[in-house]
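Q: I am attaching a structure below and will ask some questions about it afterwards.
Number of protein chains: 2
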Amino acid sequence: MSELDVWSIDARTGEKVEAVASTATDAEVDASASRAAEVAPSLVAAGLAGRARLLRAMADEIEKDGDAIVAAADRESALGQVRLRGELARSAYQLRLFGEVLEDGGYLELTIDHPDPNAVPAPRPDLRRMLVPVGPVGVFSASNFPLAFSVPGGDTASAIAAGCPVVVKAHSGHPYTSELSATALRRAAASVAVPEDVVQLVHGRKAGTRLVVHPAIQAVGFTGSVGGGRALYDLATSRPQPIPFYGELGSINPFVVTPEAAAQRAESIASGLAGSFTLGIGQFCTKPGLVFVPAGADGQRLIDALAEAAGQIAGGPMLTPSIREGFLTGAAERVALPGVRAVLSASGQISPHVLVASASALDDVLLEECFGPLVVVVEYGDEGELFAALDRVPGSLTATVHSGDSEGASGSFADRVAQRLTGIAGRILFNGYPTGVAVTWAQQHGGPWPATTFPHHTSVGTTAIRRFLRPVAYQDAPDALLPAELREDNPLGLPRRVDGRYQLHG
Amino acid sequence: MSELDVWSIDARTGEKVEAVASTATDAEVDASASRAAEVAPSLVAAGLAGRARLLRAMADEIEKDGDAIVAAADRESALGQVRLRGELARSAYQLRLFGEVLEDGGYLELTIDHPDPNAVPAPRPDLRRMLVPVGPVGVFSASNFPLAFSVPGGDTASAIAAGCPVVVKAHSGHPYTSELSATALRRAAASVAVPEDVVQLVHGRKAGTRLVVHPAIQAVGFTGSVGGGRALYDLATSRPQPIPFYGELGSINPFVVTPEAAAQRAESIASGLAGSFTLGIGQFCTKPGLVFVPAGADGQRLIDALAEAAGQIAGGPMLTPSIREGFLTGAAERVALPGVRAVLSASGQISPHVLVASASALDDVLLEECFGPLVVVVEYGDEGELFAALDRVPGSLTATVHSGDSEGASGSFADRVAQRLTGIAGRILFNGYPTGVAVTWAQQHGGPWPATTFPHHTSVGTTAIRRFLRPVAYQDAPDALLPAELREDNPLGLPRRVDGRYQLHG
């Protein structure tokens, strides 16, 4: 057995607590990927009902081990027990929700066209289409969500639901949490007679790159930095057989306050913003990083109130030493920019920072995400100046508009802003705060580059499953040779589009 | 005005008939891409009904100009009036079918989750998700379908339906056909008060690469060779902002005859195969290129009948001089391979070729597509040998199994073959021939690499629209600021998933 060389580090003290795992060798990564391909048919054979049972067992098992998992995650991330209890509940909910997705069956996009010898422009055969799993999926855990975007997170849940085994590359920030979570998920598989290797775990940076280029891996889910994500994206797309790399990278999350909104409730918006940009020490991918306020008295009131509210919020340890280092460097760089006014900052401290700049002199650096409790407030003169600045904002996961009481009608200033923001982001919020991503049917967590590598998809919500599926059409198949989902008598009672018309039940 | 330097060439004589267009300069390509971005809002503003009207007008206009378009296409491709009349009808049908897709509205994936302050694990906001157009799309026309996979083809139809303007890179083999088609489509746009620049045309190889890297272009549709497609895919994915490149490249289209099928109807299968692999001088992306037959007397009967039937089919001019050259070289290379028996061939001739090899000594070159009227028949000894050979077959658009009368039950030899083929291809045919791709709701024209760059999608059938859409979720939006598709009272009467349940009508 390999030496234990992967250390669990206390995020609050920086101390190495214990060695909990071994860095995977190339041979071990290869074996994991191959093994994932071997067990893939078992997930298909389990069928919709079997995979729903598996997902629920996974939820049960991580809850059973909840105390230990949360304790490990708190030690490794310093995110606190309350937040991590919530994250565990969210992860379990997410696994069970995908069970509902399977029972609903709509995700299969079942489509049947009966043959028509008289069809124009040409006779038509019997065609039956469904989505099938793509095969083994590589998953890269996030630093900032040791559960919900890591081993038992949305990528794993949606891939398993689709019928794809996963090989998870553990994040170096929380290896012990990853080990405990994987153990629970694998035990769940065994409990419902599915091979436990439908979930496998590897440690080490080189293991991650090896995983992305292994021929058995057919898609990758990733949450992390722009630099790391781009490097892996380039690897995935330059393989002899390129594969889709679904990466969530960086997001500045623009937030626009209209003049009327600022006039009516500058203080209340400031208070909400202060809570949102400092939540989890600013370590949320949906943190509002760039806030546009009208230049003038109302905007100034908002800035003053924001600095005051944020000034009362304590800092704290960040997830890892390198994230801490990155924040301090990024904050110092921004504070030093010409034209930037630091209304709240503390050199060399992990504490809330509020910087102010003018839309007419907006440095490119301010348009880049600064991971941590820092917000840039941009003062705009008029709609033209605002829209010119918005045109420079990179693709984001979210974009928010705060509007005044009279702006609820089509064609209002707020409406024009919202329409403009639709081109930038995957989720448009009205009069809210973007941190917090509900796991629901309608959720969209994705957006134009660099928010994600592929804005056509989401990593949160039920449609995340679509990333790991490909369509297959059967032409003139004997009924008995069709998958049950496509048989004429619809034995599973699934919704299907038949001859162009959607039918809710068989 | 630039000099006319793009020549229309008579495919039958190789003669330059007339200069019909100008090679686009870099500045012209840039202007086209920027112009596409400018007119994009007009397609969104047209709405579902307006775009449906536009697509129908496009169908009408290409039909109105049908005689001229077909005459040009015949001269430039030598595919014959009958085939090209059919292709025109198919293209018009395809445009109109996407009109139905818009009126159906299911493609929007409308999803509404009402707010729930008591939701577990966390309170839930109002979330409403729909698909929106990604923006301007670059389309690369195919050599072998001067209409249905070119200017008025499936990529254009699905992109316009999605709400995305297209800039089409004309294929050098049929520039005049492309010009006539684009003129008809642009006239259609003008007739329904949509800017004619929602369809633009550029000529020249360099124009194509320029188009793929232009920042305004947000997705690319491509049909062509593995080499050309890979080069453009690499360009698209290495952009500062990578974009999806939906390429259909090369496909060998495996075709398996079970022992029972060979015993029962070797001659009939041979006859169907002969017609299929020589259709359009073998210039179909779905041409069956690799046929597995049982070793022994029945397989030999099939081979003999295939050689005889194919030997009675005339050759003819190919699409372009370079395609002709490629076929002659490819055929000669394969005929010369050790272990290959050429039962029908003619050195230096464009005529049907039937080559035979053993599964136990299958050269890698035989697994590559040879574009033109050539089929490789592989003799297999038993199921193990067949499956070992199938494991080496590259991803394909189609895969076919021919089974015997007793093989219609689950678990039969034919069933095991079909299940294996599902891992290789996007369309699985039973007892049929893969050439001919019906344009329907259930069609899937795509498959694992190198058949396509992205097997999660299709380039034929109604779901081709999905390639050019990305989801956006609106959170807590005032009803009046929502797109009509998502308003609470469902003014457009569209199908939507509300609180997890699919509802057919508002």
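Protein chains in written order, with the UniProt record's numbering: chain X, 1 to 506; chain U, 1 to 506. Backbone N, C-alpha and C fix where the C-beta goes; we use that ideal spot for every residue, glycine too. Only a predicted model underlies this, so the values are computations on that prediction, with no experimental measurement involved.
Please go through the same chain and pick out, in chain order, the residues whose beta-carbon is closer than 7 angstroms to the beta-carbon of X:F387, but skip the five residues on each side of it.
A: Correct list, in chain order: R420.
Q: Which chain U residues are close to X:F430, counting only those with a beta carbon under 8 angstroms from its beta carbon?
A: What X:F430 touches in chain U: Y474, Q475, D476, A477, P478, L481.
Q: Whose Cβ in chain X lies nearer than 7 angstroms to the Cβ of U:Y124?
A: This sequence places Arg at residue 124 of chain U; Tyr is not what is there. Going along chain X in sequence order, the residues near U:R124 (Cβ under 7 angstroms) are A438, T440.
Q: For U:Y93, decide whether its Cβ has a neighbour in chain X, counting only Cβ atoms nearer than 8 angstroms.
A: Answer yes: the Cβ-Cβ gap between U:Y93 and chain X drops below 8 angstroms somewhere.
Q: Could you compute how far the alpha carbon of U:V82 sits from the alpha carbon of U:I281?
A: Spanning the two alpha carbons is a distance of roughly 14 angstroms.
Q: With distances taken between CB atoms, is the gap from X:P294 to X:Y380 smaller than 8 angstroms?
A: Yes, they are a contact pair.
Q: Step through the CB atoms of chain U and report whether any lies within less than 8 angstroms of the CB of X:S268.
A: Closer than 8 angstroms: no.
Q: Pull the bridge partners of U:V257 from the DSSP assignment, please.
A: DSSP, once it has assigned bridges, lists U:H402 as partnering U:V257.
Q: Could you tell me the boundaries of the alpha helix (DSSP H) in which X:M318 lies?
A: Taken as a continuous stretch (DSSP letters only), X:M318 belongs to no alpha helix (DSSP H), as it is neither H nor E.
Q: What does X:V220 pair with, by DSSP beta-bridge criteria?
A: DSSP output for X:V220 lists X:G138, X:F245 as bridge partner(s).
Q: Buried or exposed: U:D5, going by 16 or more other Cβ atoms within 10 Å of its Cβ?
A: By the neighbour-count rule (16 or more Cβ atoms within 10 Å), U:D5 is not buried but exposed.
Q: Are the beta-carbon atoms of X:L279 and X:V378 separated by less than 8 angstroms?
A: The answer is no: Cβ separation not under 8 angstroms.
Q: With burial defined as no fewer than 16 other Cβ atoms inside 10 Å of the residue's Cβ, what is the status of U:S406: buried or exposed?
A: Exposed is the call here.
Q: Can you pull the chain U residues whose beta carbon is under 7 angstroms from the beta carbon of X:P133, in chain order?
A: Simply none; closest approach about 10 angstroms.
Q: Straight-line CA distance for U:G506 to X:E333?
A: Note that U:G506 has pLDDT 45, beneath the 50 cutoff, so the model's placement of it is unreliable and no number is given.
Q: Pick out the complete beta strand (DSSP E) segments inside the segment 267-316 of chain X, 3 residues or longer, and give them in chain order.
A: Within the segment 267-316 of chain X, the complete beta strand (DSSP E) runs of at least 3 residues are 290-294.
Q: With a threshold of 8 angstroms, are at least 3 pairs of Cβ atoms found where one atom belongs to the segment 84-104 of chain X and the other to the segment 109-121 of chain U?
A: At 8 angstroms Cβ cutoff, the stretches touch.
Q: Taking 8 angstroms as the CB-CB cut-off, is U:D113 touching chain X?
A: Yes, contact with chain X.
Q: Give me the DSSP bridge partner(s) of X:M58.
A: For X:M58, which the question treats as bridged, DSSP gives no partner whatsoever.
Q: Does the segment 456-466 of chain X come within contact of the segment 220-234 of chain U, defined as at least 3 CB pairs closer than 8 angstroms?
A: Short answer: they don't touch.
Q: Taking only three categories from DSSP, how would you classify U:T452?
A: Here U:T452 sits in strand by DSSP.
Q: What residues from chain X crowd round U:L127, counting only those whose CB sits closer than 7 angstroms?
A: Per Cβ cutoff of 7 angstroms: A438, T440, A442, Q443.
Q: Identify every run of the beta strand (DSSP E) within the segment 326-386 of chain U, keeping only runs that are complete inside it and at least 3 residues long; order them along the chain.
A: 341-344, 353-358, 374-380, all fully within the segment 326-386 of chain U.
Q: Determine the direct distance from the alpha carbon of X:I269 to that of X:V199, and round the result to whole angstroms.
A: Near 43 angstroms, if we compare the C-alpha coordinates of X:I269 and X:V199.
Q: Pairs of beta-carbons, one from the segment 178-196 of chain U and one from the segment 56-69 of chain U, closer than 8 angstroms: are there three or more?
A: Yes, since at least three Cβ pairs between the segment 178-196 of chain U and the segment 56-69 of chain U fall closer than 8 angstroms, the two stretches touch.
Q: Assuming U:A310 and U:P254 are in contact, meaning their beta carbons sit under 8 angstroms apart, how far apart are those beta carbons, in whole angstroms?
A: Contact flag wrong, Cβ pair sits at about 18 angstroms.
Q: Going by DSSP, name the residue or residues bridged to X:R210.
A: According to DSSP, X:R210 bridges with nothing at all.
Q: How many angstroms separate the CA atom of X:S8 from the CA atom of X:A71?
A: Answer to the nearest angstrom: the Cα atoms are 12 angstroms apart.
Q: So, is the C-beta of U:G493 closer than 8 angstroms to a C-beta in chain X?
A: Taking Cβ atoms only, chain X never reaches closer than 8 angstroms to U:G493, which makes this a no.
Q: Looking only at its own chain, which residues have a Cβ that is under 6 angstroms from the Cβ of U:G447, when we skip the five neighbours before and after it?
A: For U:G447, where only same-chain residues beyond five positions count, the Cβ hits under 6 angstroms are G395, S396, L397, A425, G426, P455.
Q: Got a sec? Which residues, its chain only, sit under 6 angstroms from U:R187 by beta carbon, not counting five neighbours each side?
A: Same-chain partners within the cutoff: E61.
Q: How big is the Cα-Cα spacing for U:V401 and U:L185?
A: U:V401 and U:L185: Cα-Cα distance of roughly 40 angstroms.
Q: Does the contact criterion of 3 or more C-beta pairs under 8 angstroms hold for the segment 470-486 of chain X versus the segment 126-141 of chain X?
A: A contact exists between the segment 470-486 of chain X and the segment 126-141 of chain X.
Q: In whole angstroms, what separates the C-alpha of U:R210 from that of X:L79?
A: Near 47 angstroms, if we compare the C-alpha coordinates of X:L79 and U:R210.
Q: Please determine, among U:L102, U:A170, U:D234, U:L95, the residue with the shortest C-alpha to C-alpha distance to U:S22.
A: Among U:L102, U:A170, U:D234, U:L95, the Cα nearest to that of U:S22 is on U:A170.
Q: Short check: CB of X:R35 to CB of X:P317, under 8 angstroms?
A: No.
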